[in-house]
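Colleague: This is the structure I want to talk about, given as structure tokens.
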Amino acid sequence: MSLPLGHFDRFGMVVGNLEAAMKAYAQVFGIRQFDLCEVDGRPAALGGFGSLRLELIEGSSGGDVCGEFFDRRGEGMSHALFMPDKDVSIERIAERATALGLGVETGRHRLTIACRHQLGGLALVVQSARLPIQGQRTFQLQALLPCQKLFHVGMVVRDRELAIGGFQRLLGMDEFLRMELHTDQGLRVWIDGKPALHHARTAFGRIGDFACELMEPLGGDGLYQRFLAAHGEGPQHYFPTILSPADFAAVRGGLGRAGLAVRLEGAIDDAMRYYYLDSAPLMGMCIEIIVPERADWWQSLGMSAQDAWRVGLDA
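Here the sequence shown is numbered in the working numbering, starting from 269 and rising by one per residue.
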């Protein structure tokens, strides 16, 4: 039996400077207000809109899940947070996690599950009540990037099939959409504007509003390969927007001037292009942008409506 986590609420980031992170996220996503709070004794901020909800935690050393991440990685994408159903207690989820051999950290209304090894570097958090708000930080910045929703989060893993098993066992995900990315098979890749050879196995899974892509780098070069070499397994990208070629061209210059230059561009046949932006301005969050080149782009890749749903599309 999987963990009774409830519904996905937001994604958690560990950052080095909370004030700088709030300003950067407000500038990119147009977030107008952050609620200030504490998470496990650390300064934190909650902000976003729709399914683009984020938890920013100012990192510090420690023996807990968040402290271990900060000591090992520094800044970056850390955990997925769920809100349990009303009839499911934090204690029940903790008992189930312990029975599955997972470490747990329990607070008054918050449970952190140490499952990075089982979920390709992702930790899980369950929170049964809203955190006490200590203040607000407001911004009036025009968003650099038009966004629709959080389609999925991408995680670099060493073994795709092993990671799939972990997500099926712990989160109760059913089937995954498996794909292969290979520059010998209709894929073209450019890294910092230069052509590159690239080979990776991917898989998409979804439960409720939480969708993920698992990427196992195999050969050649790419941001997956570089991420694994630098950080090991872990969440690598955040996919919040699909733009037309004209709309992407209109915002690309502004993103670049803010430091969010395109690091990798991929083109799959004549169906679509995808772009990964520099992660430094958002303290370790790499944004993925998909730019379809035809209206039936996902159908032309052989996807069914159920496949597209697993990618995070509500087709």
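Where is the CB? At the ideal position from N, CA and C, for every residue including glycine.
Need the endpoints of the alpha helix (DSSP H) that Glu359 sits in, please.
Modeller: 358 to 367
Colleague: Can you give, in chain order, each stretch of the alpha helix (DSSP H) that sits fully within the stretch 424 to 485 and has at least 4 residues?
Modeller: 428 to 439
Colleague: Let me make sure I understand the geometry here. Which of Ile558, Gly284, Met483 has the alpha-carbon closest to that of Asp515?
Modeller: Cα-wise, what sits closest to Asp515 is Ile558.
Colleague: Using C-beta distances below 7 Å, list every residue in its chain close to Val282, excluding the 5 sequence neighbours before and after it, in chain order.
Modeller: Ile325, Gly327, Cys334, Phe337, Phe338, Glu343, Gly344, Ser346
Colleague: Apply the 10 Å Cβ neighbour rule to Ser329 and answer buried if 16 or more other Cβ atoms are within range, or exposed otherwise.
Modeller: exposed
Colleague: Rank Thr509, Tyr542, Arg525, His275 by C-alpha distance to the C-alpha of Cys415 and give the top, closest one.
Modeller: Thr509
Colleague: Among Glu306, Arg525, Pro272, Asp277, which residue has its Cα nearest to the Cα of Ile401?
Modeller: Closest by alpha carbon: Glu306.
Colleague: Taking C-beta to C-beta, are Leu399 and Gly434 nearer than 7 Å?
Modeller: no
Colleague: Threshold first: 3 residues or longer. Then list the beta strand (DSSP E) segments lying entirely within the stretch 480 to 562, N to C.
Modeller: 502 to 510, 530 to 536, 540 to 545, 554 to 560
Colleague: When the Cα of Pro463 is compared with those of Thr451, Pro272, Gly375, which residue comes out closest?
Modeller: Thr451
Colleague: What does DSSP give as the partner residue(s) for Gly344 in the beta ladder?
Modeller: Val282
Colleague: Would you check if there are 3 or more beta carbon pairs closer than 8 Å linking the stretch 313 to 325 to the stretch 516 to 529?
Modeller: no
Colleague: Run the CB neighbour count on Ser547, radius 10 Å, all protein chains shown included, and call it buried at 16 or more, exposed below.
Modeller: buried
Colleague: Would you report the Cα separation of Gln504 and Tyr492, rounded to the nearest angstrom?
Modeller: 8 Å
Colleague: Which value, in whole angstroms, describes the spacing of the CA atoms of Ile459 and Ala479?
Modeller: Each residue's Cα considered, the two are about 26 Å apart.
Colleague: Would Val394 and Ile361 be called neighbours here (beta carbons separated by less than 7 Å)?
Modeller: yes
Colleague: Leaving out the 5 sequence neighbours to the left and right, which residues in its chain are closer than 6 Å to Gly487 when beta-carbon positions are compared?
Modeller: His467
Colleague: What does DSSP give as the partner residue(s) for Val421 in the beta ladder?
Modeller: Cys480, Tyr506
Colleague: Tell me whether Arg469 is buried or exposed, calling it buried when 16 or more other Cβ atoms sit within 10 Å of its Cβ.
Modeller: buried
Colleague: Between the stretch 278 to 298 and the stretch 439 to 453, can you find at least three pairs of beta-carbon atoms closer than 8 Å?
Modeller: These segments do not touch.
Colleague: My understanding is that Asp575 touches Leu445, with C-beta atoms under 8 Å, so please give their C-beta distance in whole angstroms.
Modeller: 5 Å
Colleague: Just to confirm, is the Cβ distance from Ile536 to Tyr506 under 7 Å?
Modeller: no
Colleague: Under a Cβ-count criterion, where at least 16 other Cβ atoms within 10 Å of its own Cβ denotes burial, should Glu595 be classed as buried or exposed?
Modeller: Because the chain in this structure spans residues 269 to 583, residue 595 falls outside the shown range and cannot be described.
Colleague: From Leu496 to Gly473, what distance separates their C-alpha atoms?
Modeller: 21 Å
Colleague: Hey, how far is the Cα of His499 from the Cα of Leu349?
Modeller: When the Cα atoms are used, His499 and Leu349 turn out to be separated by approximately 22 Å.
Colleague: Taking the alpha carbon of Pro485 as the point to measure from, which residue in Asp477, Leu465, Gly476, Ile475 has its own alpha carbon closest?
Modeller: Leu465
Colleague: Bridge partners for Met351 per DSSP, in chain order?
Modeller: His275
Colleague: Identify every run of the beta strand (DSSP E) within the stretch 303 to 337, keeping only runs that are complete inside it and at least 3 residues long; order them along the chain.
Modeller: 310 to 317, 320 to 326
Colleague: Would His275 and Gly476 be called neighbours here (beta carbons separated by less than 7 Å)?
Modeller: Closer than 7 Å, so yes.
Colleague: Assuming Leu413 and Phe302 form a contact by the criterion Cβ under 8 Å, report the distance between their Cβ atoms to the nearest whole angstrom.
Modeller: Not a contact, Cβ separation roughly 18 Å.
Colleague: With a threshold of 6 Å on Cβ separation, who are the neighbours of Val425 within its own chain once the five nearest residues in sequence on each side are excluded?
Modeller: Gly388, Ala431, Leu482, Glu484, Glu501
Colleague: Please report the distance separating the alpha-carbon of His377 from that of Glu287.
Modeller: 25 Å
Colleague: By a C-beta neighbour count over all protein chains shown, 10 Å radius and 16 as the cutoff for buried, is Gly580 buried or exposed?
Modeller: buried
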